[in-house]
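Residues in the sequence shown are numbered from 2 upward in steps of one, following this note's numbering.
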Amino acid sequence: MSLYPQDRNIGEQTRQFMRGFHRSIVAFAEAGNDLIVEHVLEAQEFADDLVEVVKSFDAFLVAVTAKLDELERREKLRGNRSIGTAALFIKSVGFCKNDMVLDTTSGTTDAAAEIMIAWQNRLLA
Numbered sequence: 002m003s004l005y006p007q008d009r010n011i012g013e014q015t016r017q018f019m020r021g022f023h024r025s026i027v028a029f030a031e032a033g034n035d036l037i038v039e040h041v042l043e044a045q046e047f048a049d050d051l052v053e054v055v056k057s058f059d060a061f062l063v064a065v066t067a068k069l070d071e072l073e074r075r076e077k078l079r080g081n082r083s084i085g086t087a088a089l090f091i092k093s094v095g096f097c098k099n100d101m102v103l104d105t106t107s108g109t110t111d112a113a114a115e116i117m118i119a120w121q122n123r124l125l126a
C-alpha cells in the first residue's frame, strides 16, 4: 500500500533512498546517539523496512496526526505545501504499529510532555 495514486509507481531510486535513510538512522544510533527522527512513511514497504532495521533498538514510534480539516487549514496557512498533501499523509498513520498516536488538532503545547510520559510508562510496564 502507498500514499501515491495507483498510476504512480514508487521508483527504485526512491526505494534506495529510503533504505539508505533508514540505515543511516541505525548508524547514528549504533554510534551512541539518542535520536528523534521526523519521517513520513509514504508507503507500507517503507514502514516495514524502518520497523525491521530499528527492531534491536529502544525505538518508540509516535504517529503525529490531526483532523483532516485542521491539517488542510495548516497546509494553506504555511503557504509552502502542495495542496492535498495533508490528505495523503494522514493515511500514513496506519502503515505501522505505533507506540503512541498524538492528535495535535487542538495544538501542540503539551505534545513533548505527552510523548515523554507515554515513553516512560512503557518502560515501567
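Note that beta-carbon positions come from the ideal geometry of N, C-alpha and C, so glycine has one too.
Since the model is a prediction, treat every value here as computed from it, not as a measurement.
Going by beta-carbon coordinates alone, are residue i and residue j separated by less than 8 Å?
i, j, result
"Leu103", "Val63", "yes"
"Ser107", "Glu43", "no"
Could you confirm whether any beta carbon from chain D is found closer than 8 Å to the beta carbon of residue i?
i, result
"Ala114", "The structure shown contains no chain D; it is built from a single protein chain."
What residues in its chain sit with their C-beta under 7 Å from that of residue i, if we drop five residues either side in the sequence?
i, result
"Ala30", "Leu36 and Phe58"
"Asp8", "Only weak support is given to the placement of Asp8: the predicted model assigns it a pLDDT of 45, under 50, and the question is left unresolved by the model."
Answer yes or no: the CB of residue i versus the heavy atoms of the ligand GDP, is any distance below 7 Å?
i, result
"Leu89", "Among the ligands in the structure shown, none appear at all, so the ligand GDP cannot be discussed."
Give the C-beta separation of residue i and residue j to the nearest angstrom, bearing in mind that I take them to be a contact with Cβ-Cβ under 8 Å.
i, j, result
"Ile184", "Thr66", "The requested residue 184 does not occur in the structure, where the chain is confined to residues 2 to 126."
"Asp100", "Arg123", "6 Å"
"Val52", "Cys97", "6 Å"
Kindly list the residues whose CB is nearer than 8 Å to the CB of residue i, restricted to its own chain and excluding five residues on each side of it in sequence; keep chain order.
i, result
"Gln17", "none"
Go through its chain and collect everything with a Cβ distance to residue i's Cβ below 6 Å, but skip five positions before and after it.
i, result
"Phe47", "Met19"
"Trp120", "Phe61"
Item to check | alpha helix (DSSP H) segments (min. 4 residues) lying fully within the segment 33-94 | outcome: Entirely contained in the segment 33-94, the alpha helix (DSSP H) runs reaching 4 residues are, in chain order, 45-54, 69-79 and 86-90.
Checklist entry - Should the segment 70-83 be called in touch with the segment 11-25, which here means at least 3 C-beta pairs below 8 Å? => result Contact between the segment 70-83 and the segment 11-25 is absent, because fewer than three Cβ pairs lie under 8 Å.
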